[in-house]
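There are 2 protein chains.
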Amino acid sequence: MSITSDILRGHTEAIILSHLLEQDSYGYQINKDIMKKTDNRCELKEATLYSAFRRLEQAGYIRTYWGDETVGARRRYYSITEEGRQAYQSYKRDWEEAKLTIDQLLK
Amino acid sequence: MSITSDILRGHTEAIILSHLLEQDSYGYQINKDIMKKTDNRCELKEATLYSAFRRLEQAGYIRTYWGDETVGARRRYYSITEEGRQAYQSYKRDWEEAKLTIDQLLK
DNA sequence: AAAATATACCTTGACAGACGAGGTATATAG
DNA sequence: CTATATACCTCGTCTGTCAAGGTATATTTT
């Protein structure tokens, strides 16, 4: 049983930001980590992930830089900005509130 | 602070079904009740509501009938079907699971 | 050596649900 | 007689997800 894309919607950005709070990372890794963390219950599809990266960067919530791999495929790393940290806190509060509201409605 | 449409998405149908578990109702009333229940934190916009009704009816989860108002505007009532009750239970299980999964990711 | 798999990036176009803006009609309050 | 509240509805836009496709490098299997 995995999370539907309609429920996922609205949480993608927060999920990514949360992950970047721990450490800088790159697309492929983030994807794998999220699946692992949730026992495959949540998978951010690549296209979804990359469009979210673009939104987050445009909003100033993340910054990107290329890794210095001398071997293997190049990696584009992402790191969270101070604005990103604040945005994350805001997302998180919204989520806590939404959780209560929806619980209230689904009796 | 009200719930965003991206978070709402994916819950609209469950919210409506849940409400219809209590009693048959009609669009305008459902709308008002949901706002009241949540202290205006959740509002299903009319267009959203009606498109959800159409999906739910098409899926066989609700049935509709006209009220017999002799006075005032006519009302189209909705009632939940047995399939609708089952669908609701399924939505509810999905929600409980999704809640845990998202909580796991937003640390 | 060739083929398959894993790692790693990316774009395009389709789709679906939420909603703003608009419409209709009846009843009541000022 | 003009608002406001009740009650229904549709059309078109917007946005986020994702299927399907692409590129390139490294390793493992056949």
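Top line first, the protein sequences correspond to chains A and B.
The numbering used here numbers the first residue of the first sequence as 1 and each following residue consecutively.
The numbering used here numbers the first residue of the second sequence as 108 and each following residue consecutively.
Even for Gly, the Cβ is constructed at its ideal location relative to N, Cα and C.
The model shown is predicted, which means the values in this text are computed figures rather than measured ones.
Open item on the list: Cutting at 6 Å between CB atoms, please list the residues of its own chain near A14 (chain A), excluding the five before and the five after it.
Closed with: As a first step, residue 14 (chain A) is located in the first sequence; it is residue number 14 there, counting from the start. Counting only Cβ-Cβ distances below 6 Å, and skipping sequence neighbours, we find Y91.
Task: First through last residue of the alpha helix (DSSP H) which encompasses I110 (chain B) - done: Against the second sequence, residue 110 (chain B) aligns to sequence position 3. Neither: I110 (chain B) is in no alpha helix (DSSP H) and is coded neither H nor E.
Task: Residue from B:G117, B:S132 and B:R200 with nearest C-alpha to T182 (chain B) - done: Locating residue 182 (chain B) in the second sequence gives position 75, counting from the first residue. A small correction: the amino acid at residue 182 (chain B) is Arg; Thr does not occupy that position in the sequence shown. The candidate whose alpha carbon is nearest that of R182 (chain B) is B:S132.
- [ ] Tell me S79 (chain A)'s beta-bridge partners as DSSP assigns them.
- [x] Here the question's residue 79 (chain A) lines up with position 79 in the first sequence. In DSSP, S79 (chain A) forms a bridge with A:R63.
Task: Pair within 8 Å by beta-carbon distance, G84 (chain A) and I114 (chain B) - done: Here residue 84 (chain A) refers to the residue found at position 84 when the first sequence is read from its first residue. Here residue 114 (chain B) refers to the residue found at position 7 when the second sequence is read from its first residue. Cβ distance not < 8 Å, so G84 (chain A) and I114 (chain B) don't count as in contact.
Open item on the list: List, in chain order, every chain A residue whose beta-carbon is nearer than 9 Å to that of G174 (chain B).
Closed with: In the second sequence, counting from the first residue as 1, residue 174 (chain B) sits at position 67. Neighbours of G174 (chain B) on chain A: none; closest Cβ ~24 Å, over 9 Å.
TODO: Would you mind giving the Cβ-Cβ distance between I30 (chain A) and H19 (chain A), rounded to the nearest angstrom? I have them listed as a contact below 8 Å.
DONE: Here residue 30 (chain A) refers to the residue found at position 30 when the first sequence is read from its first residue. Here residue 19 (chain A) refers to the residue found at position 19 when the first sequence is read from its first residue. 6 Å between Cβ atoms; contact.
Open item on the list: Let me check one thing: in DSSP terms, what residues is S132 (chain B) bridge-paired to?
Closed with: Looking up residue 132 (chain B) in the second sequence gives position 25. S132 (chain B) pairs with B:Y185.
Open item on the list: Here's a check: name, in chain order, each residue in its chain whose Cβ is nearer than 7 Å to the Cβ of S112 (chain B), leaving out the five neighbours to either side.
Closed with: Locating residue 112 (chain B) in the second sequence gives position 5, where the first residue counts as 1. Once the five neighbours on either side are set aside, S112 (chain B) has no close Cβ partner at all.
Open item on the list: What would DSSP say about L151 (chain B), mapped onto helix, strand or coil?
Closed with: Residue 151 (chain B) sits at position 44 when you count from the first residue of the second sequence. Correct three-state label for L151 (chain B): coil.
- [ ] Give, in chain order, every residue of the segment 110–121 of chain B whose Cβ lies closer than 7 Å to some Cβ of chain A.
- [x] I110, T111, D113, I114, R116, G117, H118 and A121
Task: Per-residue DSSP class, three states only, for R200 (chain B) - done: For the purposes of this step, residue 200 (chain B) is identified with residue 93 of the second sequence, where counting begins at 1. Three-state DSSP puts R200 (chain B) in a helix.
Open item on the list: Residues of chain B with CB closer than 9 Å to the CB of D94 (chain A), please, in chain order.
Closed with: The residue you call residue 94 (chain A) lines up with position 94 of the first sequence. Within chain B, the residues near D94 (chain A) are M108, I110, T111 and I114.
Open item on the list: Taking CB distances under 8 Å as the criterion, tell me whether L213 (chain B) reaches chain A.
Closed with: In the second sequence, the residue the question calls residue 213 (chain B) occupies position 106. So, interface residue.
- [ ] Answer with yes or no whether the minimum CB distance from I169 (chain B) to chain A is below 8 Å.
- [x] Mapped onto the second sequence, residue 169 (chain B) falls at position 62. Chain A contact via Cβ: absent.
Task: Inter-residue spacing [alpha-carbon to alpha-carbon] between E82 (chain A) and L17 (chain A) - done: By one-based count along the first sequence, residue 82 (chain A) stands at place 82. By one-based count along the first sequence, residue 17 (chain A) stands at place 17. Straight-line Cα distance between these residues: approximately 11 Å.
Open item on the list: Could you tell me the alpha carbon to alpha carbon distance between S51 (chain A) and G134 (chain B), rounded to whole angstroms?
Closed with: What you label residue 51 (chain A) is simply residue 51 of the first sequence in a count that begins at 1. What you label residue 134 (chain B) is simply residue 27 of the second sequence in a count that begins at 1. C-alpha separation (whole angstroms): 36 Å.
Open item on the list: Any beta carbon from chain A within less than 8 Å of T145 (chain B)'s own beta carbon?
Closed with: The residue you call residue 145 (chain B) lines up with position 38 of the second sequence. Yes, because at least one Cβ of chain A sits closer than 8 Å to the Cβ of T145 (chain B).
Open item on the list: Taking the alpha-carbon of E170 (chain B) as reference, which of B:T177, B:F160, B:G179 and B:V178 has the nearest alpha-carbon?
Closed with: By 1-based counting over the second sequence, the position of residue 170 (chain B) is 63. Sequence inspection shows Arg at residue 170 (chain B); the Glu mentioned does not correspond to that position. Minimum Cα distance to R170 (chain B) is reached at B:F160.
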